[in-house]
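Colleague:
Numbering (my numbering), first residue to last: 1066 to 1377.
(1) Within the continuous beta strand (DSSP E) that includes residue 1371, where are the two ends?
(2) Is residue 1331 closer than 7 Å to residue 1271 when the C-beta atoms are compared?
(3) Rounded to whole angstroms, what is the Cα-Cα separation between residue 1337 and residue 1266?
(4) Under the rule that 16 or more other beta-carbon atoms within 10 Å means buried, what is residue 1239, buried or exposed?
(5) Which same chain residues end up closer than 6 Å to residue 1148 when comparing Cβ atoms and leaving out the 5 residues on each side of it in sequence?
(6) Buried or exposed for residue 1295, please, with buried defined as at least 16 other CB atoms from any protein chain shown within 10 angstroms of its CB.
(7) Which ranges does the beta strand (DSSP E) cover as unbroken runs of at least 3 residues, wholly within the stretch 1268-1334, from first to last along the chain?
(8) Give me, in chain order, the residues of the same chain whose beta-carbon lies closer than 7 Å to that of residue 1156; leave out the 5 immediate sequence neighbours on both sides.
(9) For residue 1126, is the classification buried or exposed, using 16 other Cβ atoms within 10 angstroms of its Cβ as the cut-off for buried?
(10) Should residue 1327 and residue 1301 be called a contact, given that it needs their Cβ atoms to be closer than 7 Å?
(11) Enumerate in chain order the residues of its own chain whose CB-to-CB distance from residue 1120 is below 8 Å, with the five nearest sequence positions on each side excluded.
(12) Using only CA atoms, which one of 1132, 1333, 1352, 1322 lies nearest to residue 1367?
(13) Apply the 10 Å Cβ neighbour rule to residue 1113 and answer buried if 16 or more other Cβ atoms are within range, or exposed otherwise.
(14) For residue 1350, I'd like the list of residues in its chain whose CB is within less than 7 Å of its CB, leaving aside the five on either flank, ordered along the chain.
(15) From residue 1092 to residue 1174, what distance separates their C-alpha atoms?
(16) Give the list of continuous beta strand (DSSP E) stretches no shorter than 3 residues that lie fully inside the stretch 1189-1244.
(17) If you run the structure through DSSP and keep just helix, strand and coil, what is residue 1395?
(18) Tell whether a beta-carbon distance below 7 Å holds between residue 1083 and residue 1102.
(19) Cβ atoms of residue 1278 and residue 1292: under 7 Å apart, would you say?
(20) Inspect the beta-carbon positions of residue 1287 and residue 1241 and report whether they are closer than 7 Å.
(21) Taking the beta strand (DSSP E) that residue 1366 falls in, what are its first and last residues?
(22) Per the DSSP calculation, residue 1179 is bridged to which residue(s)?
(23) Assuming residue 1260 contacts residue 1325 (C-beta within less than 8 Å), just tell me the rounded distance between them.
(24) With a Cβ-Cβ cutoff of 7 Å, do residue 1205 and residue 1212 count as a contact?
(25) Where do the ends of the beta strand (DSSP E) carrying residue 1098 lie?
(26) Could you check the C-alpha separation between residue 1178 and residue 1341 for me, to the nearest Å?
(27) Less than 6 Å between C-beta atoms, sequence neighbours within five positions excluded: which residues of the same chain meet that for residue 1378?
(28) Just the C-alpha distance for residue 1219 and residue 1153, rounded to the nearest angstrom, thanks.
(29) Does DSSP put residue 1113 in a helix, a strand or coil?
(30) Specify the secondary structure class of residue 1359 as computed by DSSP and reduced to three states.
(31) Quick one: residues in its chain with C-beta nearer than 8 Å to the C-beta of residue 1355, no 5 flanking neighbours on either side, listed in chain order?
(32) Tell me, to the nearest whole angstrom, how far the beta carbon of residue 1314 is from that of residue 1263; I am working on the premise that it is less than 8 Å.
(33) What does DSSP give as the partner residues of residue 1171 in its beta bridges?
(34) Where does residue 1401 sit, in a helix, a strand or coil, going by DSSP?
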């Protein structure tokens, strides 16, 4: 009914618009508001009297520019698709209905819009909540490092890549804080958590320098690093750098007389062997480091476990 309004006739278009449940206006091709209902006027925090026979450019330059852009696209495409528009921290779903005269020239445009701000806010809250849940499922709550679940997942993914011939080299480092139980027993678990957080940050700084390498908190004071593309010699160098980085934290705890250190075990994958074997070998090397010489790196190679004597 509104689409066919002839302004020379005396139909009560305003009454029709006033009873529509959507913010609605009839706008000229130049942007002048010919008719509008209170819902449309309220979008600008104005009344119908404030906007009637006024150009929308006077209310909002951005809305005017979008209106003119859609009319230009209509001349090209012959249709205007509904779209989402943000204005003044509010979101609207907008639909245009161009009305043509007898000579197929644009006469006016019926604009209907719905305030969907509450929907967008709900979407934003949901995305934030999903991001938080994802963080909880993937990250260790104390250190922010990737957790054991992600370690297992990434190890399986690397195994698939190796099986498909896309992974030429692969190494693993297992890391464990030395005498950590004594720290907890002597200074309390809160202080122990502080030490773990500082240590995890130090490990992350070292490991993140390698492409595609990741560090994980496996549990308690035990950590691990997966190093796709890295040979054993490189892994040992990284492990030793981790030892030195953690030992360097001791200066911040001199008042307590603490000398922080970690032990590391490294292993590389062997052709035809599952990566799980490398994990087991790195674990055995770590055990040797804890038993023989703490604050050091041991590695597994050719069925032997040896002390790494190189420099990081």
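The beta carbon of each residue, even a glycine, is placed where N, CA and C say it ideally should be.
Modeller: Considering the structure as presented:
(1) Note, residue 1371: beta strand (DSSP E), 1369-1372.
(2) No, these two residues do not count as a Cβ contact at 7 Å.
(3) 35 Å
(4) buried
(5) 1159
(6) buried
(7) 1279-1284, 1287-1293, 1327-1333
(8) 1149, 1181, 1182, 1185
(9) exposed
(10) Contact check for residue 1327 against residue 1301 fails: the beta carbons are separated by 7 Å or more.
(11) Excluding residues within five positions, the ones whose Cβ falls inside 8 Å are 1095, 1096, 1097, 1098, 1129.
(12) 1333
(13) buried
(14) 1330, 1331, 1332, 1363, 1364, 1365, 1370
(15) Their Cα atoms are separated by approximately 5 Å.
(16) 1235-1242
(17) Residue 1395 is absent from the structure shown; the chain starts at 1066 and stops at 1377.
(18) yes
(19) Closer than 7 Å, so yes.
(20) yes
(21) 1362-1366
(22) DSSP lists 1158 as partners of residue 1179.
(23) 7 Å
(24) yes
(25) 1098-1101
(26) If you take the alpha carbons of residue 1178 and residue 1341, they lie about 58 Å apart.
(27) Residue 1378 lies beyond the residue range present for the chain, which begins at 1066 and ends at 1377; the question has no answer from this structure.
(28) When rounded, the distance between both Cα atoms is 44 Å.
(29) helix
(30) coil
(31) 1241, 1243, 1328
(32) Their Cβ separation, rounded to whole angstroms, is 5 Å, which keeps residue 1314 and residue 1263 in contact under 8 Å.
(33) Note: residue 1171 is bridge-paired with 1165 in the DSSP secondary-structure output.
(34) In the structure as shown, the chain starts at 1066 and stops at 1377, and residue 1401 therefore has no counterpart that could be examined.
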